[in-house]
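**Q**
Chains as they are written, first to last, in the working numbering: chain D, 29 to 606; chain C, 0 to 191.
Structure (structure tokens):
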């Protein structure tokens, strides 16, 4: 049946049709919806793991156990999972295994713009790269056959415009694949040096086999057109290039690694001018150059951000687009914390206290933006706690009394607790604030080990943040509602002063959760408003100045009452107050 | 390979995703090739958001670049002004006149520009500017601005009206169906 389907959903459909039975992932934009969609199939066991490394190891275990298994992550998640990735290349698989990794060129929702194709080459694994939803479905389905045929986990590289674009797919039936027999095989699965030496030989033999396969497979396609212009490309860049130059000759690569050397040479010999069009790094280009092929690439195109058909027309043909411009200064509209966001009270307090804040990955990274500007660093998942420890070891105990780490509940489970153990073990005295909003927020509300629900929304054991901190050796653990500004400030001040590690858990659920009751919008009594702009200091998008007085946008306000707490003249009123 | 290119722009949280999915469904049901490119993640949090819908015999690139949009449907006035350069020469701009201050305006670092509709008109842009919030509130919910705007757009693209109402029915939760169908009708009327 023909359907309009998100790339991520098409991957999930491919998993279903391929008879995959186990999926374990950690959410990360733009990969998240794959696993959310997988969870809707009763035939597939699907879970959120605490982090990508655990997810990949679960998928490896399931594969060894004979199942067709899957894990998904964003590009930076693959860094976390790199350890198992490289050795799973040695062990190979039993049941087929697929790893989806979604890159984010343009950094729509990421902290860097790394190119995951390098992992395929470094780990010596096959990587498929679809160009639309139909290929997402087909490549996913086929990947399991390839995985089992060549005895390797297969990588599926997606990017934001593939993951988050809907295009037409034709769905098929599910193939039921029986669980393969598990046979104890330490030479293959116990990677101690003696065995790993043998497996490395197998990996290099496999390299020859997959390179030969890439030369003649259905995923790499030559589309001969005008021979004056030849373009080698893949992924979404193929769509941009094909739209810009429909008459040109194309070598469309559906396998990003290994690259088909003979096919590249043959195609190069057929065309006059040859371009390599790929977003981010010159991965295909470098391979072409190593083969001695004359190609144009990154000397013409940027290493940064996303491409488009217009950009390629301009760079290759010198065609400039025609468009209107307004002679007007249009203010930017950066993302902000939502009205009623439980993080707002905390960042307002940290801003007022003027402390150094080591930040982490989540909605609360927005605490770095004006007017709160209460963040000094953000590196990667978990780096708030471990980074703060290093910072304070470098700068001494006075620094520890004037700095905090902030980390969300899901990020704390992901890789925060190890940093906390480093603090207690190594006699640090840093103060850590865990922002427990009862959900994984930024990626769109995924359950995590602290929420008491599984990916499939089944009630489960709820991991206690307090008890984990206790177990790590923290004696000073405080819990506070971040909207109770007075109490919050008092607790932070006390814990900063303490000569031992402390954890403050700011607990208030994400306002976007359905179970959180929204109150009717507040309003401003203009007669009472003294235009002090205290309420603007919390950076709530619902509050602005109109004709010299504060005003609350009734369509945005959820009645959280944070602004009312700051309004000394009492001008901010509940809906039923005059 | 001519495609019709439509951008749906607004402020994160205004429901641009649903609007693009309604439009995507209409084009699919009419037998055309279509791509809908969405925004998820951080940029959704009250930031400037854009989704692209492209349809025709064959659609390749999922994105729309400067000078390529046949239609821009904007949920907010400042966003309409922001995306004007993406309009094709002779393209049509449909915008809600609702104003939502971005954070730099709230903090006083910038001003919300005045007279935007007139300034856009002065550039020769074919613009339909109207208050889409009132009909949404009339239908029963401020969040129905997205469906009001799809009602307006439906009068310009030449697809059967039943395709639109079927798409609305299929894509909104059952308890909000009647409200949204009413919002759609009010949008059709607003188009004149």
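In this text, a Cβ means the ideal position worked out from N, Cα and C, and glycines have one as well. None of these values were measured; they are calculated from a predicted model.
Return no unless some Cβ of chain C is closer than 8 Å to the Cβ of residue 134/D.
**A** Sequence index remark: in the first chain, residue 134/D carries index 106 (1-based). Not one chain C Cβ lies under 8 Å of residue 134/D.
**Q** Just the C-alpha distance for residue 483/D and residue 114/C, rounded to the nearest angstrom, thanks.
**A** Indexing the first chain from 1 puts residue 483/D at position 455. Indexing the second chain from 1 puts residue 114/C at position 115. Residue 483/D and residue 114/C: Cα-Cα distance of roughly 49 Å.
**Q** Assign residue 95/D to buried or exposed, taking buried as 16 or more other Cβ atoms, counted over all protein chains shown, within 10 Å of its Cβ.
**A** What you label residue 95/D is simply residue 67 of the first chain in a count that begins at 1. With 16 or more other Cβ atoms within 10 Å, it is buried.
**Q** Residue 249/D versus chain C: which residues are under 7 Å apart at the beta carbon?
**A** Here residue 249/D is taken as the residue at index 221 of the first chain, counted from 1. Those within 7 Å of residue 249/D in chain C number zero; the least Cβ separation is about 15 Å.
**Q** Return no unless some Cβ of chain C is closer than 8 Å to the Cβ of residue 29/D.
**A** Within the first chain, residue 29/D is the residue found at index 1, counting from 1. No, because no Cβ of chain C sits closer than 8 Å to the Cβ of residue 29/D.
**Q** Compare the Cα-Cα distances from residue 92/D to each of 116/D, 76/D and 558/D and report the closest residue.
**A** Here residue 92/D refers to the residue found at position 64 when the first chain is read from its first residue. The shortest Cα separation from residue 92/D among 116/D, 76/D and 558/D belongs to 116/D.
**Q** When you compare each of 78/D, 553/D and 602/D to residue 546/D by their alpha carbons, which one comes out closest?
**A** Indexing the first chain from 1 puts residue 546/D at position 518. Considering only alpha carbons, the answer is 602/D.
**Q** Count the C-beta pairs between the segment 108-124 of chain D and the segment 149-162 of chain D that are closer than 8 Å, then say yes if the count reaches three, no if not.
**A** The segment 108-124 of chain D vs the segment 149-162 of chain D: in contact.
**Q** Can you name the residues that DSSP bridges to residue 303/D?
**A** Residue mapping note: residue 303/D aligns to position 275 of the first chain, counting from 1. Per DSSP, 259/D and 324/D.
**Q** Can you check whether the C-beta of residue 133/C is within less than 8 Å of a C-beta belonging to chain D?
**A** Residue numbering aside, residue 133/C sits at position 134 when the second chain is read from its first letter. For residue 133/C, the answer is no, since every Cβ of chain D falls outside 8 Å of its Cβ.
**Q** Are any of the Cβ atoms in chain C nearer than 8 Å to that of residue 397/D?
**A** By 1-based counting over the first chain, the position of residue 397/D is 369. So yes, residue 397/D belongs to the interface.
**Q** Can you pull out the residues from the segment 64-78 of chain C whose beta carbon lies closer than 8 Å to at least one beta carbon of chain D?
**A** Answer in chain order: 64, 65, 66, 67, 77 and 78.
**Q** Go through the segment 130-171 of chain C residue by residue and report every complete run of the alpha helix (DSSP H) that reaches 4 residues or more, in order.
**A** With a minimum length of 4 residues, the continuous alpha helix (DSSP H) runs that stay inside the segment 130-171 of chain C are 132-138, 144-156 and 160-170.
**Q** Could you give the distance in angstroms between the alpha-carbon of residue 148/C and the alpha-carbon of residue 354/D?
**A** Working through the second chain from its first residue, we reach residue 148/C at position 149. Working through the first chain from its first residue, we reach residue 354/D at position 326. Cα to Cα, residue 148/C sits roughly 24 Å from residue 354/D.
**Q** State buried or exposed for residue 146/D, treating a residue as buried only when at least 16 other CB atoms are found within 10 Å of its CB.
**A** For the purposes of this step, residue 146/D is identified with residue 118 of the first chain, where counting begins at 1. So residue 146/D ends up on the exposed side.
**Q** Please state the DSSP three-state secondary structure of residue 102/D.
**A** On the first chain, position 74 is the one that residue 102/D refers to. Of the three classes helix, strand and coil, the one that applies to residue 102/D here is strand, per DSSP.
**Q** Among 49/C, 98/C, 73/C and 146/C, which has the Cα closest to the Cα of residue 176/C?
**A** Here residue 176/C refers to the residue found at position 177 of the second chain. When each option's Cα is compared against that of residue 176/C, the closest is 146/C.
**Q** Spell out whether any CB of chain D is found under 8 Å from the CB atom of residue 22/C.
**A** The sequence position of residue 22/C within the second chain is 23, counting from 1. So, not an interface residue.
**Q** Name the chain A residues whose beta carbon is nearer than 9 Å to that of residue 409/D?
**A** Checking the listed chains, one finds no chain A in this structure; the protein chains it contains are D and C.
**Q** Does DSSP classify residue 28/C as helix, strand or coil?
**A** Counted from its first residue, the second chain places residue 28/C at position 29. DSSP places residue 28/C in helix when its eight states are reduced to three.
**Q** What's the gap between the Cα of residue 330/D and the Cα of residue 544/D?
**A** For the purposes of this step, residue 330/D is identified with residue 302 of the first chain, where counting begins at 1. For the purposes of this step, residue 544/D is identified with residue 516 of the first chain, where counting begins at 1. Going from the Cα of residue 330/D to the Cα of residue 544/D covers about 45 Å.
**Q** With distances taken between CB atoms, is the gap from residue 504/D to residue 528/D smaller than 8 Å?
**A** Here the question's residue 504/D lines up with position 476 in the first chain. Here the question's residue 528/D lines up with position 500 in the first chain. Yes, these two residues count as a Cβ contact at 8 Å.
**Q** With distances taken Cα to Cα, identify the nearest neighbour of residue 587/D among 368/D, 378/D, 285/D and 596/D.
**A** Residue 587/D sits at position 559 when you count from the first residue of the first chain. Ranking the options by Cα distance to residue 587/D, first place goes to 368/D.
**Q** Where residue 456/D and residue 495/D are concerned, what is the direct C-alpha to C-alpha distance, given to the nearest angstrom?
**A** In the first chain, counting from the first residue as 1, residue 456/D sits at position 428. In the first chain, counting from the first residue as 1, residue 495/D sits at position 467. Distance between the alpha carbons of residue 456/D and residue 495/D is about 19 Å.
**Q** What does the Cβ neighbour count give for residue 107/D, buried or exposed, with the cut at 16 atoms within 10 Å?
**A** By 1-based counting over the first chain, the position of residue 107/D is 79. Classification for residue 107/D: buried.
**Q** Using 8 Å as the Cβ pair cut-off and three pairs as the minimum, do the segment 275-289 of chain D and the segment 239-253 of chain D touch?
**A** The answer is yes - the segment 239-253 of chain D touches the segment 275-289 of chain D, with three or more Cβ pairs under 8 Å.
**Q** Just to check my reading of the structure: residue 376/D and residue 400/D have Cβ atoms closer than 8 Å, yes? What is that Cβ distance to the nearest angstrom?
**A** Within the first chain, residue 376/D is the residue found at index 348, counting from 1. Within the first chain, residue 400/D is the residue found at index 372, counting from 1. With a Cβ gap of about 6 Å, residue 376/D and residue 400/D count as contacting.
**Q** Kindly indicate which residue of 161/C, 2/C, 185/C and 9/C has the alpha-carbon position closest to the one of residue 80/C.
**A** By one-based count along the second chain, residue 80/C stands at place 81. Nearest of 161/C, 2/C, 185/C and 9/C to residue 80/C, Cα basis: 9/C.
**Q** Could you spell out the range, first to last residue, of the beta strand (DSSP E) harbouring residue 248/D?
**A** Stepping through the first chain from its first residue, residue 248/D is reached at position 220. Run containing residue 248/D: 248-251, per the beta strand (DSSP E) assignment.
**Q** Helix, strand or coil for residue 506/D per DSSP?
**A** As a position in the first chain, residue 506/D is number 478, starting the count at 1. The answer is strand: DSSP assigns residue 506/D an E or B state.
**Q** So which of 202/D, 34/D, 137/D and 209/D has the shortest CA-CA distance to residue 159/D?
**A** Here residue 159/D refers to the residue found at position 131 of the first chain. The option with the nearest alpha carbon to residue 159/D is 34/D.
**Q** Should the segment 587-601 of chain D be regarded as contacting the segment 20-34 of chain C, the criterion being three or more beta carbon pairs within less than 8 Å?
**A** Short answer: they don't touch.
**Q** What would DSSP say about residue 19/C, mapped onto helix, strand or coil?
**A** The residue labelled residue 19/C in the question sits at position 20 within the second chain. The answer is helix: DSSP assigns residue 19/C an H, G or I state.
**Q** Can the beta-carbon of residue 45/D be found closer than 8 Å to that of residue 200/D?
**A** Residue mapping note: residue 45/D aligns to position 17 of the first chain, counting from 1. Residue mapping note: residue 200/D aligns to position 172 of the first chain, counting from 1. Against a cut-off of 8 Å, the Cβ pair of residue 200/D and residue 45/D comes out as a contact.
**Q** Within 8 Å of any Cβ in chain C, is that where the Cβ of residue 312/D sits?
**A** Working through the first chain from its first residue, we reach residue 312/D at position 284. Chain C, which has no Cβ nearer than 8 Å to the Cβ of residue 312/D, makes this no.
**Q** According to DSSP, simplified to helix, strand and coil, what is residue 139/D?
**A** The count along the first chain starts at 1 and reaches residue 139/D at position 111. Residue 139/D: coil per DSSP, three-state reduction.
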